[in-house]
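Following full-length UniProt numbering from start to finish, the sequence shown increments by one per residue and tops out at 151.
Backbone N, C-alpha and C define an ideal beta-carbon position, used for all residues, glycine too.
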Amino acid sequence: MLVPPFNQQTALQKVRMAEDAWNSCDAQRVSRVYSEDTRWRNRSEFVNGRAEVVTFLQRKWIKELDYRLIKELWAWHEDKLAVRFAYEWHDDSGNWFRSYGNENWHFGADGLMIQRFACINDLPISADQRLFHWPAGTRPDDHPGLSELGL
């Protein structure tokens, strides 16, 4: 596990590991990188503790179908990372969205995330405007990131 203080290389690795975990859409897997008493603000929802993280993510991926996420490191300092991201998904009626956001992450000495604050906006898109094309799971290494896609 990567632990603070972060340098550029370890910060980039931490962000990619988080992206890969979230793209698995496996709430249990994702939850293991958060402390037992983690605190989140996600949009207007507050999540407290790893058990609530699991419940939140399970509910999220029931609504957000064919979820594909790209994260990009914005800045880091010791035990904190700032990340920007975009993800594409559709609802059960086939309406596509690209959700953009920023996250602030704070880690404990053990490398587990103790705080996550996310601001997210949803943009309706058509299916032909999608930019994230890979099979479910980890984004391939040769797939462009946010900056390369002009996002």
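For residue i, the first and last residue of its enclosing alpha helix (DSSP H)
i	result
glutamine 13	8-23
glutamine 58	50-63
Length of the line joining the Cα atoms of residue i and residue j
i	j	result
threonine 55	tyrosine 34	14 Å
proline 4	arginine 29	21 Å
glutamate 45	asparagine 104	15 Å
threonine 38	arginine 32	11 Å
Extent of the continuous beta strand (DSSP E) run through residue i
i	result
serine 93	First-last for serine 93: undefined, no H or E at that position.
phenylalanine 117	113-125
For residue i, three-class secondary structure by DSSP
i	result
serine 35	strand
aspartate 128	helix
valine 3	coil
alanine 86	strand
alanine 109	coil
Candidates the options, of which the one nearest residue i by Cα
i	options	result
leucine 112	Tyr87, Gln8, Leu73, Arg50	Arg50
arginine 98	Trp89, Cys25, Trp105	Trp89
alanine 86	Gly150, Met1, Asp79	Gly150
glutamate 19	Ser126, Val83, Gly108	Val83
tryptophan 134	Trp96, Trp76, Tyr67, Asp37	Tyr67
Cβ contact (3+ pairs, closer than 8 Å) linking the segment 121-133 and the segment 4-20 = no
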